[in-house]
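This report refers to the structure that appears directly beneath it.
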């Protein structure tokens, strides 16, 4: 049984060009979006390795935007090194390494994100909820509830192992090449190269990894994982994905085991893998996903389902 409509018809070819990226209105939008952001970079006053804060950048923002546009158009733009910052993971005795670009580089990345993201939004499937406009953990949880209400009472729950750190650069850049001009593609390649992760014991391994903390990284991760969504949906499965968190809703344990095989095969084609410790097949009732737990409403004759925040 098909749980999703097949992929929407491919939209007319569209490209993220350097002219669209450097349009004054787009650069201003990127700058204002950075000022409104609530990321870890903003909580640190936005300073990168150059020590320039958002307030200092704002003092002559129009001139800085003009200089940035000239550098991008001429091919003279080069990103500054990233600033490593460790933050605590919520509710865990662990930390996550973020690598923060300078304010200038974040404005440039947001300018590309505005244009490239709009192009890929027409291509992404509805099962993807992370880092997309109008979508959130809430929409992902609602999507699970809709599948459960339709009778899918089992789920394969898993995470992608070190997703941001494992994405290989060459196939990712090949995916975006058709939707960018040469100037934008070369700029993206420079940002992607900054995310390279060391691969102990893997001599000759090709570069991989995206920098967490860079505005462009979530979009690039979604672009790279789009074939995963398509592969699962093409097999008639019902995935719900938020970044690297995945739930595949199924009718019974047998289908869930088949979904596991399909997922492993699709990830293997992308040179990615699941986290075994976070992988399980279980009933949706009581399942935890994206900070929610799924329960049946008490006394509800129609057997409706809802989610409860995890305490």
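Numbering (the numbering used here), first residue to last: 863 to 1173.
Even for Gly, the Cβ is constructed at its ideal location relative to N, Cα and C.
Computed from a predicted model, the values in this text were never measured in an experiment.
Among the options, nearest to residue i - alpha-carbon criterion
i	options	result
residue 1026	910, 1078 and 1151	1078
residue 991	1108, 934, 1045 and 968	1108
residue 1125	1056, 1113, 1096 and 1146	1096
residue 1116	998, 929, 1145 and 967	1145
residue 959	949, 976 and 974	949
residue 993	1080, 909 and 1016	1080
residue 975	1098, 1132, 1011 and 1050	1050
residue 1024	1016, 912 and 1070	1070
residue 1075	1016, 1022, 908 and 982	908
residue 947	939, 941, 940 and 963	963
residue 1092	1068, 1113, 1127 and 1072	1127
residue 961	1083, 911 and 1044	911
residue 1088	1131, 967 and 1044	1131
residue 1158	970, 1010 and 922	1010
residue 890	939, 1083, 925 and 1068	925
residue 1193	1106, 1114, 1058 and 943	With the chain covering 863 to 1173 only, the question about residue 1193 has no answer from this structure.
residue 876	1068, 1039, 1101 and 929	1039
residue 929	1114, 1058 and 970	970
residue 886	919, 927, 917 and 921	927
residue 967	995, 913 and 996	913
residue 836	997, 965 and 951	Residue 836 lies beyond the stretch modelled for the chain, which goes from 863 to 1173, so this question has no answer here.
Spatial distance of residue i from residue j (CA atoms)
i	j	result
residue 1148	residue 1156	5 Å
residue 882	residue 1033	25 Å
residue 1136	residue 1041	29 Å
residue 936	residue 1086	28 Å
residue 1153	residue 932	44 Å
residue 1138	residue 1129	13 Å
residue 981	residue 1047	14 Å
residue 915	residue 1055	24 Å
residue 984	residue 1012	27 Å
residue 1065	residue 1031	Residue placement at residue 1065 is poorly supported in this model, since its pLDDT is 44, which falls under 50; the coordinates still yield a value, given next. If I take the Cα positions, the gap works out to 16 Å.
residue 893	residue 1016	45 Å
residue 934	residue 941	11 Å
residue 1072	residue 1083	8 Å
residue 1053	residue 1043	16 Å
residue 923	residue 939	17 Å
residue 1098	residue 1036	27 Å
residue 1100	residue 987	11 Å
residue 943	residue 957	21 Å
residue 898	residue 1113	43 Å
residue 1057	residue 1068	13 Å
residue 997	residue 921	34 Å
residue 1111	residue 888	40 Å
Contact under 7 Å by Cβ, residue i with residue j
i	j	result
residue 972	residue 1090	no
residue 1143	residue 1018	yes
residue 884	residue 978	no
residue 1028	residue 945	no
residue 989	residue 1150	no
residue 1020	residue 1141	yes
residue 880	residue 1045	yes
Review point. Mind pulling the beta strand (DSSP E) runs of 3 or more residues that sit fully within the region 915–954?
Key: 945–950
Review point. For the region 1115–1132 against the region 994–1007, are there 3 or more C-beta pairs whose distance is under 8 Å?
Key: no
Check your understanding: Which ranges does the beta strand (DSSP E) cover as unbroken runs of at least 3 residues, wholly within the region 1036–1111, from first to last along the chain?
Key -> 1100–1104
Check your understanding: If you scan the region 980–1023 from start to end, which runs of the beta strand (DSSP E) of 3 or more residues do you find wholly inside it?
Key -> 1016–1021
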